Every structure is written in C-alpha cells, then in structure tokens.
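*Asks:* Every letter in the sequence shown is one number past the one before it in UniProt numbering, and letter 141, counting from 1, is 141. Sharing a structure with you now.
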Amino acid sequence: MKSGSDVWMRADVITRLRAAGCVFAEDEADLLIASAAGPDELDVMITRRVGGLPLEHIVGFAEFCGRRIAVDPGVFVPRRRTELLVEEAAKLLRQGSVVLDLCCGSGAAATVLAGYGDYEVHAADIEPAAVACARRNLEPLGGHVYEGDLYEPLPSSLRGRVDVLVVNVPYVPTEAIALMPPEARLHEPAVALDGGADGLDIARRMLAGAGDWLAPQGHLLLETSDEQLAESCELFRAAGLGPRVARCDDRGAVAVVGRRD
Ligand code: GLN
C-alpha cells in the first residue's frame, strides 16, 4: 500500500518528466523511482533524464527479451526491434550450436541467446565501452567477447563453425543521423549508428566475410530497414546466402535471414 506522500512524489516525477517531453512519463517515473536508492538520487536521476540522457544510461540497464541488460553511458542502447533477431535466431538453435553476435554493443542478443540453452556463444564489437558492457552481460553465462572490427578479433578456431550469426550493424545513413532523437544523436557513439552514405557500408563488409565463418547450412540474421531491404537481400544473394525476410510490424522490425548452402 502506497502512502499519500509516495503518490504525491510519483505525480511530481511524472510532471517533471512530461514537461521535459518524455512520452512515456508514467513508465519512466516508475522505473526511476524503483531504481533510486533515495530521494536525493532520484532527484539527480530526474535531472539527468530531463537533460536528455537516455533512461537506460541513467538506470544502467535496458529491458530486452525480458532480461535486464547492463548498459553503461556511451553504449548503444539495445532496441526492442532487435528482439526480432533473437526470436528468429532462437528458432535455429540446436544443442551445442555455435552463435556469434557481431557488432554486439552491450551484448544483448548474445546474452539472451546464451540464457536460452547449452550453446557456445561469442560476441564482438569495435567499441571498448560496449565490449566492457558485453563482457559483464555475457561472461557470467559462459560466453566470450572480443574487441575489434567485425571478424578481425575472432579466434581462427571459429572459422567455418558459426551456426547462427546474428548481426545488428550500424545502418543509419550518415545524413540521417542528424534526424535521430537527441538521445541517440548525442549519447550513443556515432560508430554504433553510422552506416555510411547509404547505411550499408558495414553490412557490405560483414557480408563479404560471412562465408569464411559460417558453418555449412549456417544462418546469418541481419537487422535492416525497409529502405535497405532490397539491397540487403541482393548482398545476401551475392554472398551465396539465400535470403528470406522476417518482420514484426509492432516493433518496426525487419530482418534478413540467409542460409549458407
Ligand atoms: N534504426 C536503429 C535505431 O533504432 C539504428 C540502429 C543501428 O544502426 N543498428 O536507432
């Protein structure tokens, strides 16, 4: 049972968040209240939120596939739309499957998949702060995290062994970054967003290398956008990976799933 002053405090938090333009002010207020150790910390958290910091960076985690994923300030915040990649990947896993999450950011996808069963899970990212987060999330579940550009830091023992390759490359066209919400534009690293002129620069490099790392009949799952869908499917075909499209309209999610022959 909440006391009268708790109800008043919640209403006050909601008012401050709403005035700052937070669309989900009630949900955010509840999360901040639950996360703060006391009124002083709550006040600091609200001030940071009103100042435009992503909620996930303030509370230190993001909800993803029903799990709490640690996300430090400066690290790409896992998006709900990326849950589609995890759901599609989960359908392809067998006991002992080798999973690789490239451009893993906080390691959200790899961590959720590692929690689903007995798999060998690897993840890599180029950004040191993301790698530190991914290690915190994934290593307790027995996974391995590497720091470097795409396949470059991977142990050669993974070559030809990856059954499920899950990838959320940066795919925002450079010019579209200016149109992103300030939370992304100002508080997430450009290296996690910027996909070059047409958004597909990193996807192209990633697809060019995929064949060396996928096991026979291994699958590659790539998050993309409707604008990039046709070209992404073309890149899959060129890499010898017969593509199909998966979507979830509720989450605005589109992914290409390809299989190596
Ligand atoms: N469209 C993604 C977003 O939600 C961009 C993420 C990415 O580039 N991988 O911000």
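Just so you know, even glycine gets a beta-carbon here, dropped at the ideal spot from N, CA and C. None of these values were measured; they are calculated from a predicted model.
(1) Would you kindly check if the distance between the Cβ of G115 and the Cβ of L84 is under 8 Å?
(2) Can you give me the Cβ contacts of H187 inside the same chain, cut-off strictly under 8 Å, excluding the 5 residues immediately before and after it?
(3) Based on DSSP bridge pairs, tell me the residues matched to T224.
(4) Determine which residues share a DSSP beta bridge with Y146 and list them.
(5) Quick one: Cα of C22 to Cα of S35, how far?
(6) Taking buried to mean at least 16 other C-beta atoms within 10 Å of its own C-beta, is F24 buried or exposed?
(7) Less than 7 Å between the CB of residue 266 and some heavy atom of the ligand GLN, yes or no?
(8) Relative to the alpha-carbon of E223, which residue among P216, T82, D163 has its alpha-carbon at the smallest distance?
(9) Just confirm the distance between the C-beta atoms of L207 and F236, as a whole number of angstroms; I'd bet it's less than 8 Å.
(10) Report the rounded CA-to-CA distance for V191 versus W8, giving the unit in angstroms.
(11) Please state the DSSP three-state secondary structure of A215.
(12) Here's the rule: buried if 16 or more other CB atoms are within 10 angstroms of the residue's CB, otherwise exposed. What is Q217?
(13) Give the secondary structure of A70 by DSSP, where H, G and I count as helix, E and B as strand, and everything else as coil.
(14) Taking the DSSP output, what are the residues bridged to D189?
(15) Any heavy atom of the ligand GLN inside 7 Å of the beta-carbon of A184?
(16) With a CB to CB cut of under 8 Å and the five nearest residues on each side skipped, what residues in its chain are close to R16?
(17) Can you pull the DSSP bridge partners for L165?
(18) Starting from L241, follow its DSSP beta bridges and name the residues at the other end.
(19) Can you tell me where the alpha helix (DSSP H) holding residue 262 begins and where it ends?
(20) Are L158 and L221 closer than 8 Å when you measure CB to CB?
(21) Is N168 near the ligand GLN, judged by its Cβ being under 7 Å from some heavy atom?
(22) Which one or two residues does DSSP pair with C248 in a beta bridge?
(23) Among residues of its own chain, excluding the 5 on either side of D40, which ones have a beta-carbon nearer than 6 Å to its beta-carbon?
(24) How long is the line joining the alpha carbons of M1 and E183, rounded to whole angstroms?
(25) When the distance is taken between beta carbons, is V145 closer than 8 Å to G105?
(26) Assign E88 to one of two classes, buried (16 or more other C-beta atoms within 10 Å of its C-beta) or exposed (fewer than that).
*Replies:* Taking the coordinates as given:
(1) no
(2) G52, L53, P54, H57, P73, G74
(3) V254
(4) A124
(5) 18 Å
(6) exposed
(7) This structure leaves residue 266 out entirely; the chain is present only between 1 and 261.
(8) T82
(9) 7 Å
(10) 42 Å
(11) strand
(12) exposed
(13) strand
(14) Per the sequence shown, residue 189 should be read as Pro rather than Asp. Bridge partners of P189: none, in fact.
(15) yes
(16) I46, V50
(17) L100, L220
(18) R260
(19) For residue 262 there is no data in the structure shown, the boundaries of the chain being 1 and 261.
(20) no
(21) yes
(22) A253
(23) none
(24) At M1 the pLDDT is 45, less than 50, meaning the model places this residue with poor confidence; the figure from the coordinates comes in the next sentence. For M1 and E183, the distance between alpha carbons rounds to 35 Å.
(25) no
(26) buried
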